[in-house]
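The block underneath contains the structure these notes are about, expressed in structure tokens.
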Amino acid sequence: MRRNAEKARAGMQRWRLAHPDEHRAEGRARYARHKERLKTQIAAYHRANPDLVRAKREKHRALRIGAEGFFTAREWRELVALYEHACAYCGAIGPLEQDHCLPLTRGGTNFIDNILPACRSCNARKHTMTEEEFRARLALEDAIVTPSTVESSDQSLLAG
Ligand SMILES: [Zn+2]
Numbered sequence: 057m058r059r060n061a062e063k064a065r066a067g068m069q070r071w072r073l074a075h076p077d078e079h080r081a082e083g084r085a086r087y088a089r090h091k092e093r094l095k096t097q098i099a100a101y102h103r104a105n106p107d108l109v110r111a112k113r114e115k116h117r118a119l120r121i122g123a124e125g126f127f128t129a130r131e132w133r134e135l136v137a138l139y140e141h142a143c144a145y146c147g148a149i150g151p152l153e154q155d156h157c158l159p160l161t162r163g164g165t166n167f168i169d170n171i172l173p174a175c176r177s178c179n180a181r182k183h184t185m186t187e188e189e190f191r192a193r194l195a196l197e198d199a200i201v202t203p204s205t206v207e208s209s210d211q212s213l214l215a216g
């Protein structure tokens, strides 16, 4: 058995020496196959974990603009669990994004204590407002559009 394996190895080595180009081509093909499989696996992983992808993107953005701090995927997951998977501003359940309470562009850090889970809509509307400014604005909108002043035909206003 062992002798056979040695013989096979020796045979392969002879073939490699006799066919260097084919050997290199085979190596490249194997690498390409491996790369394709790896790419598929990584893509599937990203599809299954969109929050981790967003966390990574945030990290790169923070690094790019030179913000201080970082948070881990685990810290983010713990924060989301703390908010029961709901937007910290409107309570919507769904895909959550990392909102910087004090925006990075206004000197906020990328540490987890400056991060809140926010839905796409709130995060986009908050934009460069601080958490305080955005909450004040939400409270104001709430005061203007209260159920008592809205006719039943205007319920759509509440949906916004
Ligand atoms: Zn929201």
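If you're matching positions, the sequence shown starts at 57 in the working numbering and goes up one per residue. Every residue, glycine too, gets a C-beta built ideally from N, C-alpha and C.
Practice task
Taking residue 173 as part of the beta strand (DSSP E), name the residues at either end of that continuous run.
Solution key: 171-175
task = Using the beta-carbon of each residue, find all residues closer than 5 Å to any heavy atom of ligand 1 and list them in chain order.
result = 143, 145, 146, 148, 175, 178
Practice task
Output the boundary residues of the alpha helix (DSSP H) element that contains residue 119.
Solution key: 106-120
(message) Which residues does DSSP list as the beta-bridge partners of residue 142?
(response) 149
Kindly indicate which residue of 104, 140, 180, 102 has the alpha-carbon position closest to the one of residue 157. 180
- Item | Cβ neighbour criterion (16 or more within 10 Å) applied to residue 124 | exposed
Helix, strand or coil for residue 126 per DSSP?
-> coil
Q. Hey, out of 189, 143, 185, 197, whose CA is closest to residue 176's CA?
A. 143
- [ ] Could you name the residues of the same chain whose beta carbon sits closer than 6 Å to that of residue 114, not counting the 5 residues immediately before and after it, in chain order?
- [x] 154
Distance between beta carbons of residue 174 and residue 145, contact taken as under 8 Å: 6 Å
Q) Can you find at least 3 beta carbon pairs, one from the segment 126-137 and one from the segment 90-100, that sit closer than 8 Å? A) no
### For residue 102, three-class secondary structure by DSSP
helix
- Item | Per-residue DSSP class, three states only, for residue 156 | strand
Would you kindly check if the distance between the Cβ of residue 118 and the Cβ of residue 170 is under 7 Å? no
Subject >> CB-CB length for residue 152 against residue 121, believed under 8 Å >> reply: Contact doesn't hold; Cβ gap of about 22 Å is too wide.
Three-state secondary structure assigned by DSSP to residue 60: helix
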